[in-house]
């Protein structure tokens, strides 16, 4: 399995929501920060998208899709100068998941929101706050199909709807990540950028395949066919963190998943990830997650240890 598939396959959406918007005339909607990942597609019409912290408004046209990945307020409007209405008030009166604003319909937008757990941190921290996908791209057609399928699942839920929703979320994530990965420049940092790097991609693949291995800097540099110093500098510049820090984060990514879904003891999970003692595992986990593995499991109400 390739590295991108390995990471996305570990993710499972905890909650999923569908909503649509039909708006007309002169309007503006202010949205609160989304919880999780939000996908949207413009079915018809056009509007402006603004995200807090982004300096330039983004024009959206029919067929365009966009992804919001960070906990930032955002805004949709027909007019950038228009005073916004609280979107929560408008969506509170939605019928069949579709909110309406104005007397006419100049815009029809559909969207889905997926909430993930802490195991998504490694994936999401490497993404920009907003990713726009042009209607002309193949990825946009796949995303629109997924959102339309999601709308049908909500309109007339059938047996298996939960699993369908989860797989639709994964399909959309993969399409977004593929597009973002293909558009990365040489200065882009993050683990996704490293997957495009011929020196670093094999290193990440081997780390992902054998997280329990006692990896040294020399081991990793050997896989990359570089000297230790060259590799360490190259990795830090491309990934945005040191090689050993990435290894720890990947192990914690796996630990969070295991603690949430597995009945294995904390000791056994730590050993499976290469930690020789409970204290070493607990210290590494606490540095990243701000709590011990046992505390994390208790908070999440995960399976009892065996």
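Numbering (UniProt numbering), first residue to last: 1 to 306.
Ideal placement from N, C-alpha and C gives every residue a C-beta, glycine not left out.
What does DSSP give as the partner residue(s) for residue 30 in the beta ladder? Numbered from 1 along the chain shown, position 30 holds the residue referred to as residue 30. Answer is 75, 86.
My assumption, with CB atoms under 8 Å, is that residue 80 sits in contact with residue 29. Please give the rounded CB distance. As a first step, residue 80 must be located in the chain shown, where it is residue number 80. As a first step, residue 29 must be located in the chain shown, where it is residue number 29. Not confirmed; about 13 Å, so no contact.
Name the one or two DSSP bridge partners that residue 38 has. Position 38 of the chain shown, counted from the first residue, corresponds to residue 38. DSSP lists 68, 113 as partners of residue 38.
Touch test, the region 35-42 against the region 81-91, Cβ-Cβ under 8 Å, three pairs minimum: no
Could you check how far apart the C-beta atoms of residue 144 and residue 65 are, in whole angstroms? I think they sit under 8 Å. Here residue 144 corresponds to residue number 144 of the chain shown, with the count starting at 1. Here residue 65 corresponds to residue number 65 of the chain shown, with the count starting at 1. The Cβ separation is near 7 Å, so the contact holds.
When DSSP labels each residue in this structure, what does residue 255 get in the three-state scheme? In the chain shown, the residue the question calls residue 255 occupies position 255. Helix.
If you draw a straight line from the C-alpha of residue 69 to the C-alpha of residue 97, how long is it? Numbered from its first residue, the chain shown carries residue 69 at position 69. Numbered from its first residue, the chain shown carries residue 97 at position 97. Rounded to the nearest angstrom, the two C-alpha atoms are 22 Å apart.
In this structure, does DSSP put residue 177 in helix, strand or coil? Taking the first residue of the chain shown as position 1, residue 177 is located at position 177. Three-state result, residue 177: helix.
Give me the Cα-Cα distance between residue 166 and residue 160, rounded to the nearest whole angstrom. The residue labelled residue 166 in the question sits at position 166 within the chain shown. The residue labelled residue 160 in the question sits at position 160 within the chain shown. When rounded, the distance between both Cα atoms is 10 Å.
What residue range is occupied by the uninterrupted alpha helix (DSSP H) comprising residue 295? The residue labelled residue 295 in the question sits at position 295 within the chain shown. Per DSSP, residue 295 belongs to the alpha helix (DSSP H) from 293-300.
Between the alpha carbons of residue 158 and residue 164, how many angstroms are there, rounded? For the purposes of this step, residue 158 is taken as the residue at position 158 of the chain shown. For the purposes of this step, residue 164 is taken as the residue at position 164 of the chain shown. Spanning the two alpha carbons is a distance of roughly 10 Å.
Option in 250, 111, 71, 190 with minimal Cα separation from residue 213: Counting from one through the chain shown, the residue named residue 213 turns up at place 213. Per the Cα distances, 250.
Look at the Cβ atom of residue 63, then the Cβ atom of residue 135, and state whether they are nearer than 8 Å. Here residue 63 refers to the residue found at position 63 of the chain shown. Here residue 135 refers to the residue found at position 135 of the chain shown. The answer is yes: Cβ separation under 8 Å.
Short Cβ contact (8 Å threshold) for residue 53 with residue 104: By 1-based counting over the chain shown, the position of residue 53 is 53. By 1-based counting over the chain shown, the position of residue 104 is 104. It is not a contact, given that the beta carbons lie outside the stated cut-off.
Selection from 190, 137, 178 that minimises the alpha carbon distance to residue 5: Position 5 of the chain shown, counted from the start, is the residue given in the question as residue 5. Checking every option, the nearest Cα to that of residue 5 belongs to 178.
Between the Cα of residue 240 and those of 172, 188, 293, 95, spot the shortest distance and give me the residue it belongs to. Along the chain shown, one-based indexing puts residue 240 at 240. Of the candidates 172, 188, 293, 95, the one whose C-alpha sits nearest the C-alpha of residue 240 is 188.
Which word fits residue 60, buried or exposed, when buried means at least 16 other C-beta atoms lie within 10 angstroms of its C-beta? If you number the chain shown from 1, residue 60 lands on position 60. The residue is buried, with at least 16 neighbouring Cβ atoms inside 10 Å.
Residue 217: first and last residue of the uninterrupted alpha helix (DSSP H) it sits in: Counting from 1 along the chain shown, the entry for residue 217 is found at position 217. Unbroken alpha helix (DSSP H) run through residue 217: 217-224.
Counting Cβ pairs closer than 8 Å, one from the region 223-231 and one from the region 195-207, do we hit at least three? yes
Neighbour-count burial assignment, residue 31, 16 or more Cβ in a 10 Å radius: Here residue 31 refers to the residue found at position 31 of the chain shown. The residue in question, residue 31, is buried, as its Cβ has 16 or more Cβ neighbours within 10 Å.
Give the DSSP-derived three-state secondary structure of residue 286 in the structure shown. For this step, residue 286 is matched to residue 286 along the chain shown. Looking at residue 286 - three-state DSSP - the assignment turns out to be helix.
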